[in-house]
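What follows is a set of notes on a single structure, which appears directly below.
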Amino acid sequence: MKRIVVLASGRGSNFQAVIDKVADRTIPAEICCLITDNPEAYAIKRAEEVGVPVTVINVSTYPDRSAYDSALEAAMTEAKADLFILAGYMQLLSPETVRRFALKMINIHPALLPSFSGLHAQQQAINYGVKVAGCTVHFVDEGMDSGPVILQRSVPVLDNDTEDSLAERILFEEHYALPEAVRLFCTDSLQIEGRRVTITP
Ligand code: GRF
542 MKRIVVLASG RGSNFQAVID KVADRTIPAE ICCLITDNPE AYAIKRAEEV GVPVTVINVS
602 TYPDRSAYDS ALEAAMTEAK ADLFILAGYM QLLSPETVRR FALKMINIHP ALLPSFSGLH
662 AQQQAINYGV KVAGCTVHFV DEGMDSGPVI LQRSVPVLDN DTEDSLAERI LFEEHYALPE
722 AVRLFCTDSL QIEGRRVTIT P
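Have a look at this one:
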């Protein structure tokens, strides 16, 4: 059974989607802790409800960024996890941390990468005028939303979409894509060759 750690900064609906698939044994893993940078995150309540320990590493309580980076890396190391899931984690990880956990860290992004990386991906998609949007689960590398792609799911962009309405349609697909990517990882079904990730049948 794999050990997984989730990093989340806010609402935690993707975290909940993973909790649910661990609970019904679709994902053969144990969630060993939630790490958050936000002491007010609703994700904390979700963790408490299912007895997942929470570690709060609040940037503003550290003297500088590198002290925060070290504390985060120490917490991640201590967890001895097989997989770290960034599920709406709003802090950038230091290049050292990314290197240390290379190919053990995945992220969910609300766009069809490599289009619209960074913040407000859904608004970027509307502004650009694309007709199809979606979400991407990918391994984390040192770039911004740039690591090898594991899964993508698409949705239409409608003429009257707002950032919120498109985000809601994409989020529905995120709740499928993220647990599915975690399941594939936890069943050793992912093969990585350079940028290409394939799923073993
Ligand atoms: C999701 O849209 C995710 O793609 C992005 O941040 C949002 C987090 O939502 N990285 P939630 O906290 O999982 O509800």
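All you need for my numbering is the position in the sequence shown, starting with 1, plus 541. Idealized CB from N, CA, C, for every residue including glycine. No experiment lies behind these values; they were computed from the predicted model shown.
CA-to-CA distance, residue j to residue i, given in whole angstroms
i      : j      : result
Ile560 : Gly670 : 35 Å
Arg724 : Pro604 : 38 Å
Pro636 : Ala608 : 14 Å
Glu734 : Leu719 : 21 Å
Ser550 : Asp578 : 6 Å
Ile598 : Ala612 : 7 Å
Thr741 : Thr677 : 19 Å
Glu721 : Gly592 : 23 Å
Gly659 : Tyr717 : 21 Å
Arg587 : Gly553 : 8 Å
Arg544 : Ser730 : 16 Å
Gln732 : Asp623 : 15 Å
Ala662 : Pro594 : 31 Å
Ala582 : Leu707 : 23 Å
CB of residue i within 8 Å of CB of residue j, strictly
i      : j      : result
Phe556 : Ala584 : yes
Phe743 : Met617 : This structure cannot speak to residue 743, because the chain is shown only from 542 to 742.
Ile667 : Glu704 : yes
Val546 : Ile576 : yes
Val639 : Asp682 : yes
message = Quick test of the definition: if touching needs 3 or more C-beta pairs under 8 Å, does the stretch 641 to 648 touch the stretch 567 to 579?
response = No, the stretch 641 to 648 is not in contact with the stretch 567 to 579.
task = Can you check the stretch 571 to 623 for any beta strand (DSSP E) of at least 3 residues that lies completely inside it and give the ranges in chain order?
result = 595 to 597
query = Which ranges does the beta strand (DSSP E) cover as unbroken runs of at least 3 residues, wholly within the stretch 704 to 741, from first to last along the chain?
reply = 731 to 734, 737 to 740
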